[in-house]
Every structure is written in structure tokens, then in C-alpha cells.
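In this note's numbering, the protein residues as written are 27 to 178. We put the CB at the ideal spot given by N, CA and C, even for glycine. Remember, it's a predicted structure, so these values are computed and weren't measured experimentally. Accompanying notes for the structure given below.
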């Protein structure tokens, strides 16, 4: 039931571009969930991502939507973000993964051997940059003023 609820929420959007990867991502999160946070070993992960520009805000409070949480080891958390980035097309998923890719090495959570192939990382990084460029060129109206979508 939890898996289907999550997939239904994703599939109500136009974000999914790889259904098989999305199902693999959801299965991965549910299978790898430790069921509780272990200080220094795990991170709480929003299965339906909590990015402010994503349509899942109503599920971001994990106390109200505990089914949307997976406590993952640092490595599994990194892999979950990778799987999500190859499943849905959104700047937030690409940005989160790229940030995590660099941050986890810097913080000592992962070493270089645990990271995905450099070519795969570059592909996601370039998708992110392309969307950033598009967003900077698009104008949206906010409070009667037109600003770059990237700043909205």
C-alpha cells in the first residue's frame, strides 16, 4: 500500500521520465529503511522529495506523513538521491544529488570509491545546469514584478 501511494503521488505529476527507475527508487527506499534514525550512521530521507519547488509539500512534515520517511545509511541516502535523479526530471532532484555528491565526501560520510561513475555524475550535473539556464531566462510575475524564475 505504501509503495502504491508513493507511486500514485509521483505519477500525478509530469515529472516522471523513467517509470522503471522510479519504481526501483521507491523499492530501494522501502527495502533499505532502517526504521529509526541512528546518530552518525543514518539520515532521514523524504521519499516524496521535500524541495520547495516540487508538488509534494503536503508530505514534507514527516510527523504527519511518516510513510514518506526512510531512515537510510549515508551511502543508501546518496544512492536514493541518485536513483531519484534518474527517475524524475526536476532541478531540485538534480541539485540535491549534486550537492550530496560533493558534501558527503567533504564530510567524510563517503569516500571517492563509493561515488557513482564520473560520467554519470557529469550527465546529471549538466541536466541541472541546463535547467538553471532555462529558469534564468524565464520570467514570472511575483507581486506585480517580473523576475527570473530562478529567483522566484
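Short of 6 Å from the beta carbon of residue 85, and not among the five residues preceding or following it, lie these beta carbons of its own chain, in chain order: 74, 91, 94. Taking the Cα positions, residue 70 is about 29 Å away from residue 156. With fewer than 16 other Cβ atoms from the protein chains shown falling within 10 Å of its own Cβ, residue 53 counts as exposed. The continuous beta strand (DSSP E) containing residue 165 extends over residues 165-168. In the DSSP assignment, residue 60 falls outside any alpha helix (DSSP H) and carries neither an H nor an E. Collapsing the DSSP output to three states places residue 86 in coil. Assignment of beta-bridge partners to residue 97 by DSSP yields 70.
Per the coordinates, the alpha-carbon of residue 107 lies some 5 Å from the alpha-carbon of residue 123. In this structure, DSSP gives residue 114 an extended state, which the three-state scheme calls strand. In terms of CA proximity to residue 110, 150 leads the group 128, 130, 150.
About 13 Å separates the beta carbon of residue 105 from that of residue 59, a gap too long to meet the 8 Å contact definition.
Distances from the alpha-carbon of residue 141 to those of 42, 153, 128, 152 put 128 closest. Between residue 120 and residue 154, the C-beta spacing is below 8 Å.
Boundaries of the alpha helix (DSSP H) around residue 32: 28-37.
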